[in-house]
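Just so you know, we're using the numbering used here here: the sequence shown kicks off at 1367 and counts up by one.
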Amino acid sequence: MTFLVFLLNYTRVSEILTEGWNMSSGEEALTLTRKKQSDYDANTVESLDRYKHVYRYITKGVYSKHLPEQKKRGIRRSANNFSVEEGRLYYVGPKKEEKREVVIDTERKRKVFMDCHFSDIGHHLGQKKTVNRIQSKYYWLGIVKDVVDWIKLCETCQHAERNKNMSRTVRPIKAEAPWEILSVDILGPFPETGRGHAYVVLLTDYLSKWVEAFPILKRDALSAARCISSAIYRFGSLKTIFCSQSFDFCNEVTQHLCDRWNIMQTVSPVDPAQPGGLTDRSGGLLKDAIRRMVAEKQAEWDDYLEPVLFLFRTSVSPTTKFTPYYLMFSREAAPPSQMDVDLLKYRPGQEVFLARDECAGGIMAAMREQQNAVRQLVIANISKAYKQGKKNIKRKGRSMFEATDSLTDMRGSPPVKTAKESQYLTFPVEPMLTVVQSSATNRKDELEYPVLVSSIQ
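Now the structure itself:
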């Protein structure tokens, strides 16, 4: 009796079943086992019965007594996934590619969990790693659920999870193409200009680092929505828009975009756990440059935003190693004039990189080759359209010349139109002018007026 209880506690399935089935009285052994099974839950008892039948069928090729035919068929199907080696029951799977020891007893399961939950250096492993370690050697139904429940009872794991949630940072946002993810920031207040502008809405494309800046009168959701709509109607819609303002502010911007401009874009607030997570070092440089420009151009700083933006758009980003202008338009911009870079004097270590890596040179050469091919195709299409337009003009002039020749064919006089048949009679009408000669006194007599005959003739 004591030996049987010991075997049950450690789930040596083969020894349990062998001890129960090889005793002189099989019914007595099964009864003793049933008494100890009262200490376990229903799932454990059910698993023990199931694996007992599978073990008997694999080792002896027989079924337990009084089993219905339906259960016998189930045992035969289950036996294909198990094997017995050295008196132990193993799960091998349908393709016989695995070998995991079957565990039934609850205490043995908990011991296996403790052995697999700790790493080699004493650290507590998480749910996935613990499950993987258990499933690599052992088998029972409901491993994942048991591991989740046990980790919830582990004070060390729960304390570590709370600390991780408190210090968790936002994962880097991944963009796959220009103008997919946009960050929105509002700078100010600045000195009010002659137009009344006191704030700047700054839009930054996450991948290309392309920047847009709009001066606004006040810091409200409608002004921000107006700036975002202008950028969307210029460059197209986006997948995600993040804003540095509050949740309510972002919802109001989203509502304005939908109601006023029919733009279905959701503006989401940036996670406070990662301030400035959408921008890189060049984003801080741009904000500093705008502030310095505002300090120098107090009353007219809104006229000098574009030169500042152009400098950053045409400078190589330290993150992408390309200029934002090139990533947006696949070509470099020609500077309009000798720009006044003194306006953007950076502190040491904050200069914008103007040299590309060598690895980027090959990529840009391939892109230039592709652009040249596209450019030649565009030029050919334009030339073809121009020639077709000239042909249309000549064809139109020729048709007009032929029509004029037909009109002046009969001695220069236009052809006489033939009268169409009608139900009404037609009469020739000739103009008649009655000359009323005045009397000697040349006075107006009621409706008669003096008329000179020579003027009529």
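C-beta: ideal position from N, C-alpha, C; glycine also.
So which of 1581, 1631, 1584 has the shortest CA-CA distance to residue 1598? It is 1631 whose Cα lies nearest to the Cα of residue 1598.
Using the rule of at least 16 other Cβ atoms within 10 Å of the residue's Cβ for burial, across every protein chain shown, is residue 1499 buried or exposed? Classification of residue 1499: buried, given that the 10 Å Cβ count is 16 or more.
Simplified DSSP assignment, three categories, for residue 1608: Note: residue 1608 maps to strand in three-state DSSP.
Give the C-beta separation of residue 1579 and residue 1566 to the nearest angstrom, bearing in mind that I take them to be a contact with Cβ-Cβ under 8 Å. The pair is a contact, with the Cβ atoms about 5 Å apart (cut-off 8 Å).
4 or more residues per run - each alpha helix (DSSP H) lying fully within the stretch 1452–1479: Here no run is fully enclosed.
Might you give, ordered along the chain, the residues of its own chain that have their beta carbon closer than 6 Å to the beta carbon of residue 1633, omitting 5 neighbours on each side? The answer, listed in chain order, is 1607, 1609, 1616, 1619, 1620.
Residue environment, residue 1613, which counts as buried when at least 16 other CB atoms sit within 10 Å: Label assigned to residue 1613: exposed.
Residue 1578 lies in the beta strand (DSSP E); which residues open and close that run? Residue 1578 -> beta strand (DSSP E) spans 1577–1582.
So what does residue 1448 bridge to, in DSSP terms? Residue 1448 pairs with 1457.
Using a 10 Å radius around the Cβ and a threshold of 16 neighbouring Cβ atoms, would you call residue 1679 buried or exposed? The residue is buried, with at least 16 neighbouring Cβ atoms inside 10 Å.
For my contact list, residue 1668 and residue 1555 are in at a C-beta cut-off of 8 Å; report their separation, rounded to the angstrom. For a cut-off of 8 Å, the C-beta gap from residue 1668 to residue 1555 is around 13 Å, too long to register as a contact.
Residue 1604 and residue 1553 - do their beta-carbons sit closer together than 7 Å? Not a contact, by the Cβ cut-off of 7 Å.
Apart from the five residues just before and just after residue 1574, which ones in its own chain have a Cβ nearer than 6 Å to its Cβ? Once the five neighbours on either side are set aside, the close Cβ partners of residue 1574 are 1544, 1690, 1693, 1694.
May I have the straight-line CA-CA distance separating residue 1451 from residue 1478, to the nearest angstrom? Approximately 20 Å between the Cα atoms of the pair.
Extent of the continuous beta strand (DSSP E) to which residue 1551 belongs: Residue range 1547–1553 is occupied by the beta strand (DSSP E) that includes residue 1551.
Should residue 1469 and residue 1455 be called a contact, given that it needs their Cβ atoms to be closer than 7 Å? In this structure, residue 1455 does not lie closer than 7 Å to residue 1469 by Cβ.
Where does residue 1556 sit, in a helix, a strand or coil, going by DSSP? It is coil, neither helix nor strand.
Alpha carbons only, please: which of 1449, 1702, 1728 is nearest the one belonging to residue 1687? Distance check between residue 1687 and each of 1449, 1702, 1728 places 1728 closest, using alpha-carbon atoms only.
Only counting the same chain, and skipping five residues up and downstream in sequence, which positions put a Cβ closer than 7 Å to that of residue 1826? Examination of residue 1826 is not possible in this model, given that the chain is present from 1367 through 1823 alone.
Could you check the C-alpha separation between residue 1571 and residue 1674 for me, to the nearest Å? Rounded to whole angstroms, residue 1571 to residue 1674 spans 17 Å at the Cα level.
Starting from residue 1691, follow the alpha helix (DSSP H) in both directions and report where the run begins and ends. 1690–1695 is the extent of the alpha helix (DSSP H) around residue 1691.
DSSP three-state assignment for residue 1522, whether helix, strand or coil: The answer is helix: DSSP assigns residue 1522 an H, G or I state.
What is the DSSP secondary structure of residue 1670, reduced to helix, strand or coil? Here DSSP, grouped into helix, strand and coil, assigns residue 1670 to coil.
Please go through the same chain and pick out, in chain order, the residues whose beta-carbon is closer than 8 Å to the beta-carbon of residue 1696, but skip the five residues on each side of it. In its chain, beyond the 5 residues on either side, 1733, 1737 have a beta carbon closer than 8 Å to the beta carbon of residue 1696.
Using a Cβ-based criterion (distance less than 6 Å to any ligand heavy atom), does residue 1448 qualify as near the ligand GDP? Looking for the ligand GDP in the displayed structure turns up nothing, as the structure carries no ligands at all.
In the DSSP assignment, find the unbroken beta strand (DSSP E) run with residue 1599 in it and report its ends. Per DSSP, residue 1599 belongs to no beta strand (DSSP E); it is in the alpha helix (DSSP H), 1587–1601.
Take residue 1663 and list the residues in its own chain whose beta-carbon comes closer than 7 Å to its own, dropping the five residues that flank it on each side. Apart from the 5 residues on each side of it in sequence, residue 1663 sits with its Cβ closer than 7 Å to the Cβ of 1670 in its chain, given in chain order.
Since I believe residue 1560 is in contact with residue 1666 (beta carbons under 8 Å), could you give me their beta-carbon distance rounded to a whole number of angstroms? Confirmed, about 7 Å.
Alpha carbon of residue 1524 to alpha carbon of residue 1453, nearest angstrom: Each residue's Cα considered, the two are about 40 Å apart.
Just to confirm, are residue 1510 and residue 1496 a CB contact at a threshold of 7 Å? Going by C-beta atoms, residue 1510 is not nearer than 7 Å to residue 1496.
Supposed contact pair residue 1466 and residue 1429 - C-beta distance, whole angstroms, cut 8 Å: Between residue 1466 and residue 1429 the Cβ distance is about 25 Å, and since that is not below 8 Å, they are no contact.
In or out: residue 1750 buried (at least 16 other Cβ within 10 Å) or exposed? Residue environment for residue 1750: exposed (fewer than 16 other C-beta atoms within 10 angstroms of its C-beta).
Can you tell me where the alpha helix (DSSP H) holding residue 1623 begins and where it ends? Unbroken alpha helix (DSSP H) run through residue 1623: 1613–1627.
Can you look up residue 1423 in the DSSP assignment and give me helix, strand or coil? The answer is helix: DSSP assigns residue 1423 an H, G or I state.
Bridge partners for residue 1512 per DSSP, in chain order? By DSSP's assignment, residue 1512 forms no beta bridge with any residue.
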